[in-house]
Amino acid sequence: MTQAAEESLRVPEWLLQGEPAMCPCGCVGKRKKGGYVEKTLNGGAGLLRQVMFSDDVAAQGGLLQRLDPRVKFVSVIVLLVAAGLARNIPTLLAVYAVTLGLAAASRLPIGFFVKRVWLFVPIFTGIVVLPATLSFVTHGHVVLTLWHWHGHPEGFTSQGLTSAGLVVSRVAVSISLVVLLTLTTPWVRLLAALRAVGVPRIFILIIGMAYRYIFLLLGAVTDMYEARKSRTIGATRHDRGARAFVGATGGALFGKAHQLSEEVHQAMTARGYRGDAKTLERFALTRFDVLAAVCCLALAAAILTGDHFLGH
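At position 84 of the sequence shown (counting the first as 1) the number is 483 in my numbering, and the numbers step up by one without a gap.
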């Protein structure tokens with residue numbers, strides 16, 4: 400092989416040269432902060448990934464995935480009522496432990512399940528009920544003194560902490576049951592189960608279309624933003640022009656949504672849609688479903704009975 404041929408096959412020097420990467424400590428390079436539009440789009444993409452992951456989980460062969468969606472829906476309603484009637488924190492903690500066991504038996508990642516339950520609503524509920532733990536709102540025995548007022552200690556009371564803990568634990572149990580239902584049931588089968596148990600048709604139509612439009616509009620916004628970004632030269636500025644772009648994008652998005660809603664409704668009507676959710680397979684109760692329903696009733700009775708004894 401000649402020297403010219405060897406040089407032509409040699410890897411270019413510029414391709415072998417390394418570049419300094421950004422260090423997490425910030426000593427090398429400078430990390431650029433994204434704008435609020437980009438952060439919103441990234442959040443939408445994360446929502447899409449979570450929904451796709453939920454569909455994968457619902458397709459697994461876990462314990463709850465094998466149940467009839469109608470049985471699961473009615474069972475969750477029964478357990479929600481039982482948890483709402485419970486008035487002792489140990490009872491609710493025991494029910495929460497049962498939900499963790501069901502999540503593990505359904506092949507749900509426990510870490511993902513716990514974060515999805517506790518990330519927003521129970522923590523927000525705890526912040527809301529926090530003032531009720533103070534002595535000037537809920538009178539009682541002060542267990543943690545924060546200040547003194549006219550010689551009397553003021554702070555957290557045992558009665559207030561108990562009430563707040565009861566509310567937070569009840570919310571956590573309720574959300575855990577709902578998350579178990581949504582993660583282990585495909586969306587179409589869940590809508591069909593709601594219609595089968597007597598939920599009004601218009602309600603099914605509204606939530607079904609809203610569920611689809613969320614992801615459709617997220618995709619449209621992402622395409623519009625990427626199209627603008629690919630045609631922008633230089634650094635992105637967060638000035639009056641950027642705000643005008645956001646306003647124009649919102650107006651165009653509403654126009655697209657209105658036009659698309661008419662087209663989608665006509666297409667669905669032409670294909671025989673009359674407001675009922677249909678699935679390829681028909682619902683049929685099995686012995687396993689009947690056994691699960693009996694176990695659910697027994698669990699609800701155990702919750703109410705145990706809570707009654709704990710109250711005395």
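Quick reminder that beta carbons are idealized off the backbone N, C-alpha and C, glycines included. All values derive from a computational prediction rather than experimental measurement.
Among residues of its own chain, excluding the 5 on either side of residue i, which ones have a beta-carbon nearer than 6 Å to its beta-carbon?
{"i": "Val572", "result": "Ala482, Leu491, Val494, Tyr495"}
{"i": "Leu698", "result": "none"}
{"i": "Pro530", "result": "Val536"}
{"i": "Phe512", "result": "Ala502"}
Determine the contact status of residue i and residue j, defining contact as a CB-CB distance below 8 Å.
{"i": "Gly539", "j": "Gly564", "result": "no"}
{"i": "Val541", "j": "Val567", "result": "no"}
{"i": "Thr584", "j": "Ser505", "result": "no"}
{"i": "Phe687", "j": "Ala592", "result": "no"}
{"i": "Leu684", "j": "Leu579", "result": "no"}
{"i": "Val536", "j": "Ile574", "result": "no"}
{"i": "Thr581", "j": "Thr556", "result": "no"}
{"i": "Ala691", "j": "Val470", "result": "yes"}
{"i": "Leu652", "j": "Val620", "result": "yes"}
{"i": "Met623", "j": "Thr648", "result": "yes"}
{"i": "Arg594", "j": "Ile606", "result": "no"}
{"i": "Leu507", "j": "Val456", "result": "yes"}
Leaving out the 5 sequence neighbours to the left and right, which residues in its chain are closer than 8 Å to residue i when beta-carbon positions are compared?
{"i": "Leu709", "result": "Asn487, Pro489, Thr490"}
{"i": "Ala503", "result": "Ile509"}
{"i": "Val693", "result": "none"}
{"i": "Cys426", "result": "With a pLDDT of 48 at Cys426, under the threshold of 50, the modelled position of this residue cannot be trusted, and the question is left open."}
{"i": "Ser534", "result": "Val541, Pro552, Glu553, Gly554, Phe555, Thr556, Gly559"}
{"i": "Leu696", "result": "Val477"}
{"i": "Phe682", "result": "Asp467, Pro468, Arg469, Ala591, Ala592, Ala595"}
Within the same chain, show all residues whose beta-carbon is closer than 7 Å to that of residue i, passing over the 5 residues directly before and after it, in chain order.
{"i": "Leu370", "result": "The shown model of the chain, from 400 to 711, leaves out residue 370, and the question about it has no answer."}
{"i": "Leu484", "result": "Leu703"}
{"i": "Leu545", "result": "Glu553, Gly554"}
{"i": "Leu463", "result": "Lys471, Leu501, Ser505, Leu579, Thr583"}
{"i": "Ala700", "result": "none"}
{"i": "Arg630", "result": "none"}
{"i": "Lys655", "result": "Ala619"}
* Any beta strand (DSSP E) of 3 or more consecutive residues that is wholly inside the region 509-581 -> For the beta strand (DSSP E) assignment, the uninterrupted runs of no fewer than 3 residues enclosed by the region 509-581 are, from N- to C-terminal side, 541-548, 551-556.
* To do: Entirely within the region 450-512 and at least 4 residues each: give me those alpha helix (DSSP H) ranges in chain order.
  => The region 450-512 contains these whole alpha helix (DSSP H) runs: 468-484, 488-504.
* Asked: Is the region 652-670 in contact with the region 613-624, if contact means three or more CB pairs nearer than 8 Å?
  -> Three or more beta-carbon pairs drawn from the region 652-670 and the region 613-624 are found closer than 8 Å, and the two stretches are therefore classed as touching.
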